[in-house]
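Notes to accompany the following structure.
Number of protein chains: 2
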Amino acid sequence: MDLPTLEDIRQAEARIRGSILRTPLLQSSHLAERVGADSLLLKAECLQQTGSFKFRGASNAAARHLAERPGRGILTFSSGNHAAALARAGRERGLPVTVVMPQDAPEVKRRATEGYGARVILYDRDEQSREALGAELAEREGLDVIPPYDHSWIIAGAATCGLEISECRPDVVAVCLGGGGLLAGVALALTELDPAVRVYGVEPAAGNDGERSFQSGTLQTVSNPKTLADGAMTPSLGQRNWEIIRNRVTGIVSVTDEELFEAMWLCWTRLNLMVEPTGALALAGLLTGRVPAGPRTAVILTGGNCDPAPLIDWGRSRGLV
Amino acid sequence: MDLPTLEDIRQAEARIRGSILRTPLLQSSHLAERVGADSLLLKAECLQQTGSFKFRGASNAAARHLAERPGRGILTFSSGNHAAALARAGRERGLPVTVVMPQDAPEVKRRATEGYGARVILYDRDEQSREALGAELAEREGLDVIPPYDHSWIIAGAATCGLEISECRPDVVAVCLGGGGLLAGVALALTELDPAVRVYGVEPAAGNDGERSFQSGTLQTVSNPKTLADGAMTPSLGQRNWEIIRNRVTGIVSVTDEELFEAMWLCWTRLNLMVEPTGALALAGLLTGRVPAGPRTAVILTGGNCDPAPLIDWGRSRGLV
Chain D
1 MDLPTLEDIR
11 QAEARIRGSI
21 LRTPLLQSSH
31 LAERVGADSL
41 LLKAECLQQT
51 GSFKFRGASN
61 AAARHLAERP
71 GRGILTFSSG
81 NHAAALARAG
91 RERGLPVTVV
101 MPQDAPEVKR
111 RATEGYGARV
121 ILYDRDEQSR
131 EALGAELAER
141 EGLDVIPPYD
151 HSWIIAGAAT
161 CGLEISECRP
171 DVVAVCLGGG
181 GLLAGVALAL
191 TELDPAVRVY
201 GVEPAAGNDG
211 ERSFQSGTLQ
221 TVSNPKTLAD
231 GAMTPSLGQR
241 NWEIIRNRVT
251 GIVSVTDEEL
261 FEAMWLCWTR
271 LNLMVEPTGA
281 LALAGLLTGR
291 VPAGPRTAVI
301 LTGGNCDPAP
311 LIDWGRSRGL
321 V
Chain L
1001 MDLPTLEDIR
1011 QAEARIRGSI
1021 LRTPLLQSSH
1031 LAERVGADSL
1041 LLKAECLQQT
1051 GSFKFRGASN
1061 AAARHLAERP
1071 GRGILTFSSG
1081 NHAAALARAG
1091 RERGLPVTVV
1101 MPQDAPEVKR
1111 RATEGYGARV
1121 ILYDRDEQSR
1131 EALGAELAER
1141 EGLDVIPPYD
1151 HSWIIAGAAT
1161 CGLEISECRP
1171 DVVAVCLGGG
1181 GLLAGVALAL
1191 TELDPAVRVY
1201 GVEPAAGNDG
1211 ERSFQSGTLQ
1221 TVSNPKTLAD
1231 GAMTPSLGQR
1241 NWEIIRNRVT
1251 GIVSVTDEEL
1261 FEAMWLCWTR
1271 LNLMVEPTGA
1281 LALAGLLTGR
1291 VPAGPRTAVI
1301 LTGGNCDPAP
1311 LIDWGRSRGL
1321 V
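Taken in sequence, the protein lines are chains D and L.
All residue numbers for the first sequence refer to the numbering used here, where the first residue is 1 and numbers rise by one.
All residue numbers for the second sequence refer to the numbering used here, where the first residue is 1001 and numbers rise by one.
Take a look at the structure:
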């Protein structure tokens, strides 16, 4: 299994530096107090190009693909942030991108992906397998498949977020967990630089395959989890991601949708940031106390792309506005 | 009249570097297209400590006061972002801060200011003059008054935002305008570094004293303007601010509350940022075309502290959510 090294992550950082935004580490004394930390640093990846951390891995993958397989286009499967990120990374480097996306993907995500110049192939979730459709297309057209998380280039790109966080020398770092691209990359970068740092993953309670995998020591799966956190509905961690996570991560916990709303609301009203449900997982883990805060605690707010209506309705139903 | 110089601004930058957040310059190809620029850079001061650019001037003023008038506390008048910013800057440097605030100031602003450890003195707008009350208090207790914008230290601190923007070498920069602390500072910093840059101020239409001052060449006033942009309800520009603005600024335009809502909505849904009405003035000026965009255009989103309910209701009434 090809796993990235710290050197790969450093090279990724140099490769994508000119494309990505070096997102700010925000501070909030109010939130620090709420989670029981002396200081809480919030890495605002929801401000990253295309609105999520996915642009880091996508940029690294597009650049490496272009260098190693010139003249060949790429294909991916995604209805979410990875699709838009790879579409834009491809456009920046003149690399044709095809995205296989379910017919019922949110209109706004499809338009964003097409807006960045990618070709979108729609399929019927009930009738077709995206893997079979993608493999057939890739074979016929000579495209290479870049998956959304289980890939060394994607992990190394996501890990550059960990390099940036390491500069604030945290004791504890909380990261959301879906397929494990970000958690694996960030845990690898951080623990290589400081073996004492404690890195936690946070999942939706309805799809806590990672938590169960970590407790049992073997990779678990979940089918069709129902959760607000649409970016963390993956059936299981990737093989590469799991291999890194089991060795580098201190713990994995889970939170409910109600706890996600509370975290999103605090981001909005205390930090002036719109954070999507998946992007608020890690903060929710800290707020509930399931991730034990350290004196210097950092948390990644991973993305901001979502329909604001559910959050508004939640706030209204709680009498908050 | 003591006006700051480029050297004062550089010294302010060195003085406050460890306290302020170096806010990101976000990019949006969608918004760039909407305003007719090749690239649009959005300086997210709504992410600054205390949620607005005011923390820059407050930090500089607190530091200089402490060096020049040790042992004396400070007093200011404000019901808004300057109050919270000075309260926090004072706390960081162990400097006692008193804020004279109207009884009907938003509860959330009063609590934020008190939360940062300032003493808040409430007064009745209809019965008392804040200037008389403040002057009497300052005299009795040996405090020095730091006004919200008409002060060289405040202007130099705000101008550090201009130094940061200058690094992206913009052709056009749009800035909101209330009392003129930010516009004066930013215009001074930018035109000192590049005399060809065009800096515009943007005001609420209901309180367009700055626009009228600029057109007539003499300082105009307005009384009790009714506008969503509560941070730009100042009766007139400060004397120092006007002196700089008349010589450094290319034009001043105004926008309606409806145009502010549109700009706030775009910030929320396209940038994942909550921007308060005053903070969206400059972007609204560009979106309406009243500020002519250049190839490289920058805009400051100055603050994010507001009740979200009016924006939600506006979005709902337009069928946007």
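Quick reminder that beta carbons are idealized off the backbone N, C-alpha and C, glycines included.
Exercise for the section: Pick out whichever of L:Ile1300, L:Arg1318, L:Gly1319 has its Cα sitting closest to the Cα of Val1175 (chain L). Expected result: L:Ile1300
Problem - Three-way DSSP call (helix, strand, coil) for Gln1220 (chain L) in this model - result: coil
Problem - Enclosing alpha helix (DSSP H) for Leu1122 (chain L) [first to last residue] - result: It is not in any alpha helix (DSSP H) - Leu1122 (chain L) instead sits in the beta strand (DSSP E) that spans 1119-1123.
Practice task
Could you tell me whether any Cβ in chain D is nearer than 8 angstroms to the Cβ of Val1321 (chain L)?
Solution key: yes
Exercise for the section: Report yes if the CB atom of Pro201 (chain D) is closer than 8 angstroms to the CB atom of Leu183 (chain D), and no otherwise. Expected result: Before going further, note that residue 201 (chain D) is Gly rather than Pro in the sequence given. Yes, the pair counts as a contact, with Cβ atoms nearer than the cut-off.
Problem - Minimum length 4: unbroken alpha helix (DSSP H) runs contained in the stretch 1171-1219 of chain L - result: 1181-1193, 1209-1216
Practice task
Run the CB neighbour count on Lys226 (chain D), radius 10 Å, all protein chains shown included, and call it buried at 16 or more, exposed below.
Solution key: exposed
Exercise for the section: Output yes or no for whether 8 angstroms exceeds the beta carbon distance between Arg1270 (chain L) and Ser1028 (chain L). Expected result: yes
Handout entry: Where the beta strand (DSSP E) containing Gln27 (chain D) begins and where it ends
Key = 25-27
Problem - 8 angstroms Cβ cutoff met for Ile9 (chain D) and Arg56 (chain D) - result: no
Problem - Alpha-carbon to alpha-carbon, Leu266 (chain D) and Asp194 (chain D) - result: 30 angstroms
Handout entry: Selection of the stretch 1224-1249 of chain L by Cβ proximity to chain D, strictly under 7 angstroms
Key = none
Exercise for the section: Below 8 angstroms on the Cβ atoms is my guess for Asn1305 (chain L) versus Gly1117 (chain L); work out the distance and round it to an integer in Å. Expected result: So it is not a contact: roughly 18 angstroms between Cβ atoms.
Handout entry: Sub-8 angstroms separation of Cys1168 (chain L) and Ala1282 (chain L) beta-carbons
Key = no
Problem - Pro70 (chain D) versus Tyr123 (chain D) - alpha carbon distance - result: 28 angstroms
Practice task
Compare the C-beta of Met264 (chain D) against all C-beta atoms of chain L and say whether one is closer than 8 angstroms.
Solution key: no
Practice task
Using the DSSP secondary-structure output, state which residues sit across from Met1101 (chain L) in a beta bridge.
Solution key: L:Leu1122
Practice task
For Ala44 (chain D), name the three-state secondary structure that DSSP assigns.
Solution key: strand
Problem - Proximal residues, the stretch 19-48 of chain D versus chain L, C-beta separation under 9 angstroms - result: Leu21, Arg22, Thr23, Pro24, Leu25, Leu26, Gln27, Ser29, His30, Ala44, Cys46, Leu47
Exercise for the section: Could you tell me whether any Cβ in chain L is nearer than 8 angstroms to the Cβ of Leu260 (chain D)? Expected result: no
Practice task
Could you work out which residue in L:Val1249, L:Val1100, L:Gly1294, L:Cys1046 is closest to Ala1138 (chain L) when comparing CA atoms only?
Solution key: L:Val1100
Problem - heavy atom of the ligand ADP below 7 angstroms from Ala1012 (chain L) C-beta - result: Annotation note on the ligand ADP: not contained in the displayed structure, which lists no ligands.
Problem - DSSP state of Phe1053 (chain L) mapped onto helix, strand, coil - result: coil
Practice task
Provide the residue span of the alpha helix (DSSP H) that contains Ala108 (chain D), from first to last.
Solution key: Sequence check: residue 108 (chain D) is Val here, not Ala. 107-115 is the span of the alpha helix (DSSP H), which, as asked, contains Val108 (chain D).
Exercise for the section: Compute the Euclidean distance between the alpha carbons of Arg316 (chain D) and Gly162 (chain D), then round it to the nearest angstrom. Expected result: 36 angstroms
Handout entry: Meets three-Cβ-pair contact criterion under 8 angstroms: the stretch 1235-1244 of chain L and the stretch 1133-1150 of chain L
Key = yes
Practice task
Could you say if the stretch 1033-1045 of chain L and the stretch 245-259 of chain D meet the contact criterion of at least three C-beta pairs nearer than 8 angstroms?
Solution key: no
Problem - The beta strand (DSSP E) enclosing Ser1152 (chain L), as first and last residue numbers - result: Note, Ser1152 (chain L): premise wrong, no beta strand (DSSP E); alpha helix (DSSP H) at 1152-1166.
Handout entry: 6 angstroms CB neighbourhood of Ala1189 (chain L) in its chain, flanking five on each side removed
Key = Ile1009, Ala1159, Gly1162, Leu1163
Practice task
Output yes if chain L places a C-beta closer than 8 angstroms to the C-beta of Ala309 (chain D); else output no.
Solution key: yes
Problem - Sheet register partners of Val1291 (chain L) (DSSP bridge) - result: None, per the DSSP bridge assignment.
Exercise for the section: Measure from the alpha carbon of Arg119 (chain D) to the alpha carbon of each residue in D:Ala83, D:Arg130, D:Ser152, then state which is nearest. Expected result: D:Ala83
Problem - Rounded C-alpha distance that separates Ala1322 (chain L) from Leu1260 (chain L) - result: The requested residue 1322 (chain L) does not occur in the structure, where chain L is confined to residues 1001 to 1321.
Handout entry: Residues of its chain near Glu114 (chain D), where Cβ-Cβ distance is below 7 angstroms and the 5 sequence neighbours each way are ignored
Key = Val120
Exercise for the section: Give a yes or no on whether the minimum CB-CB distance between Trp268 (chain D) and chain L is below 8 angstroms. Expected result: yes
Problem - Beta-bridge pairing of Ile1074 (chain L) - partner residues as DSSP gives them - result: L:Val1097, L:Asp1144
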